[in-house]
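Have a look at the structure below before the remarks.
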Amino acid sequence: MHEKNRELLLGCPACGRAALIRECPDQCFAQGMAGSGAVLFPTEKTFLAPANVKIVAQIGFHAVGMVTEEGLELLLHVGLGADHPSERRCSFCVHTGETVRRGMPLLQIEPSAAESGVLPATAFLLCNLTRLRCSCELLRTGFVTAGSDLIRVTF
């Protein structure tokens, strides 16, 4: 029997409103097809590393894939439900293969992605919970500050 006794606290990647993933404007994410997690409606343009992670992918100009020291795969996807998925939404502060500490900047939203004054919704996903036999709990919804504990993962 697998004993669950280790925990990992993931920090909130950005200031703004955090909500259950089912409130995500993109139905693929809302239905949990890409993983568990939260949707963020950011109020600031900089996104921080939620844990000590290795950057494993930079996807277009809108997403970054990460792996924690524990092997947990994370995805930060900026601009949900966008009409033009290939448009430049972000500038990366990190490079694929780089290891970063919790709280270090990962990416920034481009000014053109926020011309209406509203920053794009962002999915923060944990992609391999089942394979790792772990669970996650969203610790808070509503306004959150960047770097505050947002998700508890139990291994």
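Following this note's numbering, the numbering of the sequence shown begins with 1066 at its first residue and continues without gaps.
Beta carbons are placed, not taken as given, at the ideal position from N, Cα and C, and that holds for glycine.
Model, not experiment: these values are computed from the prediction.
Taking 8 Å as the threshold (C-beta atoms), are residue j and residue i in contact?
{"i": "ILE1086", "j": "GLY1076", "result": "no"}
{"i": "ALA1083", "j": "ARG1205", "result": "yes"}
{"i": "GLY1168", "j": "LEU1113", "result": "yes"}
{"i": "LEU1074", "j": "LEU1137", "result": "no"}
{"i": "ALA1179", "j": "LYS1110", "result": "yes"}
Looking at the unbroken alpha helix (DSSP H) that takes in residue i, where does it start and where does it end?
{"i": "THR1219", "result": "Taken as a continuous stretch (DSSP letters only), THR1219 belongs to no alpha helix (DSSP H), being part of the beta strand (DSSP E) at 1214 to 1219."}
{"i": "CYS1093", "result": "1092 to 1095"}
Identify which residue in the options has its Cα closest to the Cα of residue i.
{"i": "GLY1081", "options": "LEU1215, GLY1130, PHE1126", "result": "LEU1215"}
{"i": "PHE1220", "options": "LEU1194, VAL1143, SER1213", "result": "LEU1194"}
{"i": "GLY1144", "options": "SER1213, ALA1095, CYS1155, ARG1167", "result": "CYS1155"}
{"i": "ILE1174", "options": "ALA1079, ASP1091, VAL1165", "result": "ALA1079"}
{"i": "VAL1159", "options": "ALA1122, PHE1208, THR1206, PHE1094", "result": "ALA1122"}
{"i": "ARG1166", "options": "VAL1132, VAL1183, ARG1196, ALA1178", "result": "VAL1132"}
{"i": "THR1161", "options": "HIS1142, GLY1130, ALA1179", "result": "GLY1130"}
{"i": "ALA1116", "options": "SER1200, LEU1197, LEU1171, PRO1185", "result": "LEU1171"}
{"i": "PRO1090", "options": "PRO1185, THR1108, ALA1211, GLU1163", "result": "PRO1185"}
Between which two residues does the beta strand (DSSP E) harbouring residue i extend?
{"i": "LEU1194", "result": "Run containing LEU1194: none in the beta strand (DSSP E); it sits in the alpha helix (DSSP H), 1194 to 1197."}
{"i": "GLN1123", "result": "1118 to 1124"}
{"i": "ALA1083", "result": "1081 to 1085"}
{"i": "MET1131", "result": "1128 to 1133"}
Under the DSSP definition of a beta bridge, which residues are partnered with residue i?
{"i": "LEU1073", "result": "VAL1218"}
{"i": "SER1170", "result": "Here the sequence assigns Pro to residue 1170, which means Ser is not the residue at that position. The partner list for PRO1170 (beta bridge, DSSP) reads LEU1113."}
{"i": "VAL1143", "result": "THR1187"}
Can you find at least 3 beta carbon pairs, one from the region 1099 to 1106 and one from the region 1189 to 1197, that sit closer than 8 Å?
The region 1099 to 1106 vs the region 1189 to 1197: in contact.
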